[in-house]
Structure formats: structure tokens, C-alpha cells
Amino acid sequence: MISPISQIPTTPDGARVQAGGRVLASDERGIMLGDALGVARVDGVRGAPGDLVVVEGEARGGALVDAAIVTRHASRHADLGDVRRFVFDGIGRALVARQSALDAVRAYFADERFLEVTTPVRVPSPGLDPHLEGVEASGAYLVTSPEVQMKRLLVGGVPRCFQIGPCFRADERGRLHHPEFTMVEWYRAWAGWQDVLTDTERLVQRVAVAVSGQPRLRAGERELDATPPFERVRVRDAFAEHAGVDADALVELAAHDHDAYFRLMVDVIEPSLAASTRPVFLVDFPASHASLARRCPDDPRFAERFELYAAGVELCNGFGELTDAAEQRARFADDLRVRRARGLAEPPVDERFLRALDEGMPPSAGNALGLDRLLMLAVGARSISDVVAFDPDSL
Amino acid sequence: MDTSDIRKNLKIMLDGSPYTVVDFQFVKPGKGQAFTRVKIRNLATGAVLERTFKSGEKLEPADVEERKLQYIYPEGDAYVFMDSATGDQVYVSGDKLDEQDKNFLLENLDVDIVLWNGNAIGVTLPAHVVVQITHSDPGVKGDTASNVTKPATISTGAQIQVPLFISEGEWVKVDTRTGDYLERVNRR
Numbered sequence: 112m113i114s115p116i117s118q119i120p121t122t123p124d125g126a127r128v129q130a131g132g133r134v135l136a137s138d139e140r141g142i143m144l145g146d147a148l149g150v151a152r153v154d155g156v157r158g159a160p161g162d163l164v165v166v167e168g169e170a171r172g173g174a175l176v177d178a179a180i181v182t183r184h185a186s187r188h189a190d191l192g193d194v195r196r197f198v199f200d201g202i203g204r205a206l207v208a209r210q211s212a213l214d215a216v217r218a219y220f221a222d223e224r225f226l227e228v229t230t231p232v233r234v235p236s237p238g239l240d241p242h243l244e245g246v247e248a249s250g251a252y253l254v255t256s257p258e259v260q261m262k263r264l265l266v267g268g269v270p271r272c273f274q275i276g277p278c279f280r281a282d283e284r285g286r287l288h289h290p291e292f293t294m295v296e297w298y299r300a301w302a303g304w305q306d307v308l309t310d311t312e313r314l315v316q317r318v319a320v321a322v323s324g325q326p327r328l329r330a331g332e333r334e335l336d337a338t339p340p341f342e343r344v345r346v347r348d349a350f351a352e353h354a355g356v357d358a359d360a361l362v363e364l365a366a367h368d369h370d371a372y373f374r375l376m377v378d379v380i381e382p383s384l385a386a387s388t389r390p391v392f393l394v395d396f397p398a399s400h401a402s403l404a405r406r407c408p409d410d411p412r413f414a415e416r417f418e419l420y421a422a423g424v425e426l427c428n429g430f431g432e433l434t435d436a437a438e439q440r441a442r443f444a445d446d447l448r449v450r451r452a453r454g455l456a457e458p459p460v461d462e463r464f465l466r467a468l469d470e471g472m473p474p475s476a477g478n479a480l481g482l483d484r485l486l487m488l489a490v491g492a493r494s495i496s497d498v499v500a501f502d503p504d505s506l
Numbered sequence: 213m214d215t216s217d218i219r220k221n222l223k224i225m226l227d228g229s230p231y232t233v234v235d236f237q238f239v240k241p242g243k244g245q246a247f248t249r250v251k252i253r254n255l256a257t258g259a260v261l262e263r264t265f266k267s268g269e270k271l272e273p274a275d276v277e278e279r280k281l282q283y284i285y286p287e288g289d290a291y292v293f294m295d296s297a298t299g300d301q302v303y304v305s306g307d308k309l310d311e312q313d314k315n316f317l318l319e320n321l322d323v324d325i326v327l328w329n330g331n332a333i334g335v336t337l338p339a340h341v342v343v344q345i346t347h348s349d350p351g352v353k354g355d356t357a358s359n360v361t362k363p364a365t366i367s368t369g370a371q372i373q374v375p376l377f378i379s380e381g382e383w384v385k386v387d388t389r390t391g392d393y394l395e396r397v398n399r400r
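So this is what it looks like as C-alpha cells:
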């Protein structure tokens with residue numbers, strides 16, 4: 112039997128074994144042989160970087176000694192593709208971290224007695240938010256988020272559910288954006304948005320610990336302490352402090368000058384949050400920018416929407432959920448008006464979702480968290496491209 | 213052309229000046245308007261600045277061309293360069309050249325020239341050049357401190373500082389940005 116070379120460091124001394132892997136480097140003593148998951152020294156053989164070899168030798172101190180080549184396949188491409196990505200660039204190790212993160216997420220929700228669900232990826236309507244473009248898929252759309260179907264589960268009597276799955280958003284591509292990414296989304300019935308804020312803090316901490324052994328996130332040279340509780344900053348306070356815009360002006364700006372509102376958001380507010388040495392929640396968004404959130408009971412100009420920022424990276428978007436069918440229908444109509452005015456696609460209104468709200472949705476709160484971004488910060492990577500098996504460029 | 217065409221080294225017009233894209237980033241606040249944040253360099257002045265464009269915003273391409281040309285001779289206040297492949301000649305007025313750079317414009321030197329609407333707006337010399345010392349008084353004997361320098365005139369007529377051991381007729385490598393002596397070069 113041939114062992115993967117990454118298992119050699121845990122092979123007992125003295126065993127005579129065959130191991131397969133990719134030559135990473137060579138020197139006068141032998142070679143470094145590796146695969147996507149690990150690397151070991153092999154003494155007594157030669158090879159060129161990129162060669163796929165099977166060696167036989169004696170395990171000693173995590174290495175193979177007195178080794179000989181059994182088979183060799185020389186790489187025919189000077190510029191390695193997948194081997195470079197997974198073995199040399201360390202994406203293989205990021206995938207191991209990804210598994211730790213997935214295990215941590217599932218363990219948290221199991222502790223909290225959530226049901227893990229899988230709802231369809233292809234749906235009749237991708238949602239109407241004018242800032243999210245769905246991807247068409249033969250007469251239907253790929254989900255921008257599984258929100259609508261998960262809320263129908265709440266109506267149907269599933270009190271707590273979570274899902275880990277792909278979401279699709281057309282035209283998004285950058286260090287923190289891929290057109291397809293992995294979302295962790297969850298909903299709690301009979302609960303408020305504060306409960307989901309607590310879920311979020313604890314989930315971020317558990318993922319960080321699972322990946323790095325410590326409640327720590329990293330961005331470049333910076334380290335953030337991910338021990339709860341995280342600070343909560345109201346949108347109106349952030350705008351007042353950093354942009355000199357008071358609550359009345361903010362409500363006006365958010366409703367009538369989207370361009371100016373979002374420019375302040377990306378140029379002033381987000382950078383100010385990025386300076387924090389801990390993750391920070393931005394809470395209570397203007398109601399005009401929270402189309403599926405419940406209005407704040409004490410000030411209906413704002414809504415129960417929150418986002419978590421760590422090192423300037425937005426990690427999630429959650430709501431105290433809107434459960435009023437009539438108001439939801441009105442907000443969909445508003446979204447469609449904006450879409451028409453901007454010449455955007457006009458997907459259908461999901462009537463089954465509105466009907467479900469009409470049947471009665473329990474008071475609920477939920478959150479959608481970008482797993483790739485959280486993992487990026489947990490391992491200290493620069494881009495979400497470094498923590499997924501294939502990014503758009505390598506696909 | 214719009215923000216989806218933004219790439220590194222894309223040439224765009226902004227506020228009446230040509231710029232080149234140094235870096236760019238897709239920015240999108242949660243459930244919000246998408247932007248492209250760019251770091252751009254003014255091709256005429258070299259100044260670098262950041263701008264945030266709304267996604268889909270139209271951009272004006274800049275008619276900018278970068279060419280490697282050979283310096284041939286001065287003509288009045290201008291400097292004449294030539295494309296050695298086509299024989300095309302390009303006149304660059306003196307005010308488009310850095311004063312320091314003028315000291316190191318050697319005959320047949322290859323330089324990078326940025327042309328905007330056919331006019332040269334920027335000239336970049338190689339990071340270092342090799343020049344011949346045409347005149348320099350001998351160093352004072354016995355003074356061996358290594359950081360002591362003396363003035364020397366080079367073939368372009370400019371004056372630089374060289375170590376005492378450099379004598380007339382020798383070749384030296386010079387940093388064109390600072391004008392500093394780098395090393396002695398053996399050349400017959």
C-alpha cells in the first residue's frame with residue numbers, strides 16, 4: 112500500500128513504507144516531498160520540483176531515510192496549475208481549516224438545537240433587492256440567499272434551522288466578492304435579533320478557535336480579539352461621529368440619495384469600523400435600507416438590521432425579521448419601482464412567500480454570514496480566493 | 213467604457229488629465245450600491261490619488277501611448293527623441309523633463325516616453341546610467357576616508373560627486389533619481 116506523503120510525519124519510526132507525493136524542492140541530501148495536506152523530507156533520492164513520485168524508505172523522525180524512487184512521473188508543464196494552487200500555494204491547508212470551520216459551525220448549531228436544512232439552490236425569484244442581481248438558470252434563478260425558503264420553514268413550524276450552502280450574485284468579483292460563495296444562514300423563531308447577535312459572536316469565536324486554536328482573527332499584520340461580547344454601534348451614531356450627519360439628515364439621505372449614502376458608508380463609516388481592534392456590530396439601519404427587517408419599535412425610521420465588521424470586512428447581515436405580509440408586499444413594490452427606474456431586471460414577486468407570511472410567521476430573527484470571509488480572517492488570508500477550492504480565476 | 217473595464221494600467225481621463233490605474237478594488241457595502249475604488253497615477257505630474265467610482269459609471273479612455281525612444285540631440289529648448297524601429301522623431305519641450313534627468317540624457321539613451329494625444333507629457337529615464345568622467349581634479353593624497361567625495365564633470369556637462377579614487381576618463385554608474393554615484397564600471 113502507498114501512503115500519502117502527508118501521513119509520513121505520523122508514521123512510527125522503523126517502518127519500511129512506500130509514500131507518494133509531489134517533489135517540492137531538492138538538495139544534496141534528498142528531496143522535500145509533499146501533497147496538499149502536508150510535507151516530509153525524503154533522504155537519498157533526487158527529483159525536480161513538480162515530479163510526481165512514489166518512494167520507498169524507512170520512517171524516522173517524521174521523515175523517510177535511505178529512500179529509493181519506485182516510480183516517477185515528470186511534470187510535463189513547466190508552469191504548474193493545480194499542483195501550484197493546492198500544494199505550493201497552500202490552498203490544500205486552507206481546505207483543512209475550512210473543514211474545521213464547518214465542523215465548528217455544525218457543532219454550535221447542534222448545541223443550540225437547530226435543524227440543519229438544505230433548501231433548493233434554484234428558485235422562482237432571487238429576491239428583489241435592487242443591489243443584488245440574481246443569476247438566471249433556465250427559467251428560474253439561483254439563490255442570492257436561501258432566506259425566503261427558510262422563512263417558509265419557520266411558518267411551517269420548524270423553530271430553529273440553519274443551512275450551509277452556495278449563494279450566487281451576478282457581477283460581483285473582488286478580494287471579498289465571488290459570484291458564488293458559501294453562506295451560513297440561520298433563523299430562530301420566538302426570538303429577537305439580540306439573540307441572533309449573541310449567536311453570531313459565539314459562532315465567530317468558535318470558528319476562530321477551531322481554525323487557529325485561539326479566539327483570534329488576522330488581517331495582514333493586524334490581530335483582532337474575537338472574544339464576545341462585540342461592541343454594538345448604531346448606524347446613526349457612526350454617521351454622527353464620523354461623517355457629521357445627524358439622525359434626521361441620515362434618514363433623508365438614506366431614503367433619497369442612495370449614492371451619497373453609500374459613498375459615506377464605503378469611504379467613511381466602513382474605514383472607521385476597520386480601525387477597531389475587535390469585531391464590531393453596526394446596528395439599526397435606516398428602514399429604507401432594510402427591506403426584510405422589522406422596524407425598531409422605539410423609532411420606526413430605523414429597522415432591526417445588523418452587520419458585523421472585522422478589520423473592515425463585512426461578515427454578516429442579519430435582521431429582526433419582518434413578518435407583516437402587507438408591509439412586505441409594499442416593500443417589494445418599492446424595490447420593483449427602483450428596479451424599473453434603473454433599468455434593472457424585474458424578477459417575479461414570490462407570492463408563495465407572501466402567502467406564508469399571511470399564514471402567520473412567528474416573531475423571528477435570522478442572520479446570513481459569509482463563511483469564506485470568516486475563514487479568510489481566521490487563517491489570516493488576504494482574499495477569499497485563498498480559502499476556497501477554486502476561485503473564478505482557477506475554475 | 214465603464215467601471216467593469218477597469219484593469220491595472222488602464223488609461224483614463226479624469227478632470228482633464230490622463231491617469232493610469234495603479235490598483236483597484238471592488239467595494240460593496242452589505243446589500244448596497246457597488247463601487248470600484250481605484251488608485252490612479254497622474255501621467256503628467258506623477259501624483260497618486262484614490263477615487264471611488266459607482267459601478268457602471270462611464271469612464272473616458274485617455275489617448276495615451278507609452279513608447280521606448282532613443283535620445284538623439286537637443287534643439288533649442290526642446291529635446292529630440294527617435295523611435296529606432298520606425299525612425300519617427302518626437303520633440304519634447306524642456307519643461308516636460310525633470311531638471312535632474314536632463315543631467316543624464318546621454319546620446320542614444322533609451323527612455324520611456326508617455327504620449328497623450330501625440331504630445332509627450334512624461335519622460336522616464338532608466339533607474340541608472342553609466343557615464344564617463346570628462347574632468348575631475350585628483351583627490352588629495354592620504355585622505356582615505358571612504359565617504360569623502362569630490363566634484364566631477366560628466367560627458368553631458370553635468371557635475372556629480374564621486375569618491376576620491378575616481379579619475380578622469382573613467383566610467384561610473386549613477387542613480388538617475390538621486391544623482392548619486394553607485395559604482396565604478398570597467399570599460400575601455
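Keeping their order, the protein sequence lines are chains Z and P.
So the first sequence is numbered by our numbering: it starts at 112 and just counts up by one.
So the second sequence is numbered by our numbering: it starts at 213 and just counts up by one.
Glycine included, each C-beta is placed from N, C-alpha and C at the ideal position.
Endpoints, beta strand (DSSP E) assigned at residue i
i        : result
P:Asp235 : Ser229 to Val239
Z:Ser117 : Segment: none, Z:Ser117 is in no beta strand (DSSP E) and carries neither H nor E.
P:Ser305 : Gln301 to Ser305
Z:Leu364 : Run containing Z:Leu364: none in the beta strand (DSSP E); it sits in the alpha helix (DSSP H), Ala358 to His367.
Beta carbon of residue i nearer than 8 Å to that of residue j
i        : j        : result
Z:Leu335 : Z:Arg327 : yes
P:Tyr285 : P:Gly306 : no
Z:Ala398 : Z:Arg412 : yes
Z:Val379 : P:Val239 : no
Z:Pro241 : Z:Val449 : yes
Z:Val490 : Z:Ala205 : yes
Z:Leu361 : Z:Ile275 : no
Z:Leu144 : Z:Val166 : yes
Z:Trp301 : Z:Pro115 : no
P:Val204 : P:Phe316 : Coverage of chain P is limited to positions 213 through 400, which leaves residue 204 of chain P absent and any answer about it impossible.
Z:Pro120 : Z:Ala151 : yes
Z:Leu488 : Z:Phe417 : no
Z:Phe273 : Z:Thr255 : no
Burial state of residue i (16 or more Cβ within 10 Å)
i        : result
P:Val397 : exposed
Z:Trp304 : buried
P:Lys223 : buried
Z:Gly141 : buried
P:Met213 : exposed
Z:Glu432 : buried
P:Tyr303 : exposed
Z:Val134 : buried
P:Val360 : exposed
Z:Pro408 : exposed
Z:Leu468 : buried
P:Asn221 : exposed
Z:Leu226 : exposed
Z:Ala437 : exposed
C-alpha distance - residue i paired with residue j, whole-angstrom precision
i        : j        : result
Z:Arg284 : Z:Pro290 : 6 Å
Z:Gln260 : P:Val250 : 38 Å
Z:Asp310 : Z:Gly161 : 45 Å
P:Leu226 : Z:Tyr372 : 23 Å
Z:Phe292 : Z:Ala422 : 20 Å
P:Gly381 : P:Gln301 : 32 Å
Z:Arg406 : Z:Thr434 : 11 Å
P:Ile345 : P:Pro363 : 10 Å
P:Ala246 : P:Thr215 : 10 Å
Z:Tyr252 : Z:Glu258 : 14 Å
P:Asn329 : P:Leu309 : 18 Å
Z:Ala218 : Z:Ala136 : 39 Å
Extent of the continuous alpha helix (DSSP H) to which residue i belongs
i        : result
Z:Asp214 : Ile202 to Asp222
Z:Met261 : Glu258 to Val266
Z:Ser383 : Glu381 to Ala385
Z:Thr309 : Trp304 to Ser323
Z:Gly481 : Note, Z:Gly481: premise wrong, no alpha helix (DSSP H); beta strand (DSSP E) at Ser475 to Gly481.
Residues of its chain near residue i, where Cβ-Cβ distance is below 7 Å and the 5 sequence neighbours each way are ignored
i        : result
P:Arg279 : Asp295, Ile325 and Leu327
P:Lys385 : His340, Val342, Leu394, Glu395 and Val397
Z:Val391 : Phe341, Glu342, Val344, Leu384 and Tyr420
Chain-order list of residues whose beta-carbon lies under 6 Å from that of residue i (same chain, five-residue window excluded)
i        : result
Z:Leu485 : Val318 and Leu426
Z:Glu169 : Arg127, Val176 and Asp177
Z:Arg442 : Ser402
Z:Gly268 : none
P:Asp387 : His340 and Leu394
Spatial neighbours of residue i in its chain, beta-carbon cut-off 8 Å, leaving aside the 5 residues before and after
i        : result
Z:Pro459 : Pro235 and Ser236
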